[in-house]
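Numbering (our numbering), first residue to last: 3 to 116.
Below is one structure; the comments refer to it alone.
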């Protein structure tokens, strides 16, 4: 095992896998990558006992992103599956959303008296 700095470190013990260590040298996170695409395939948190599995990647404006995410809790047979049909980042917001249209019985008071 490599010598780690006081703040922890990282090491690759297997092909297409990176493990992160804490100050005590314990593995706190392991990230596995696809050998074909090099995209992240799973993230494992051994101390917390759960894994995140990423699949069905789609190319987007900011690069590839998973359309299917599974969260698996060890020893409890708990599984959550999140499936996106479409994925849009920072969709433009129309200006009319910010227009103030009070009901007829209300009055707009401008608090900026400068």
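Note that beta-carbon positions come from the ideal geometry of N, C-alpha and C, so glycine has one too.
Span of the beta strand (DSSP E) around residue i
i: residue 32; result: 29-35
i: residue 41; result: Careful: residue 41 lies outside any beta strand (DSSP E) and carries neither H nor E.
i: residue 23; result: 19-23
i: residue 60; result: 52-62
Residue nearest to residue i in terms of C-alpha spacing, selected from the options
i: residue 84; options: 32, 30, 96, 67; result: 67
i: residue 51; options: 36, 32, 41, 62; result: 32
i: residue 38; options: 45, 54, 17, 88; result: 17
i: residue 29; options: 111, 40, 10; result: 10
i: residue 70; options: 25, 80, 48, 88; result: 88
Buried versus exposed, by CB contacts within 10 Å (16 or more), residue i
i: residue 107; result: exposed
i: residue 5; result: With a pLDDT of only 46 at residue 5, under the threshold of 50, the placement of this residue in the model should not be trusted; the figure read from the coordinates follows. Under this definition residue 5 is an exposed residue.
i: residue 3; result: Residue placement at residue 3 is flagged as unreliable, the pLDDT there being 42, under the threshold of 50; a coordinate-derived value is accordingly withheld.
i: residue 34; result: buried
i: residue 86; result: exposed
Can you list, in chain order, the stretches of the beta strand (DSSP E) that have 3 or more residues and sit fully within the region 72-104?
80-85
Any contact of the region 93-112 with the region 74-81, i.e. 3+ C-beta pairs under 8 angstroms?
Contact fails: fewer than three Cβ-Cβ distances are below 8 angstroms.
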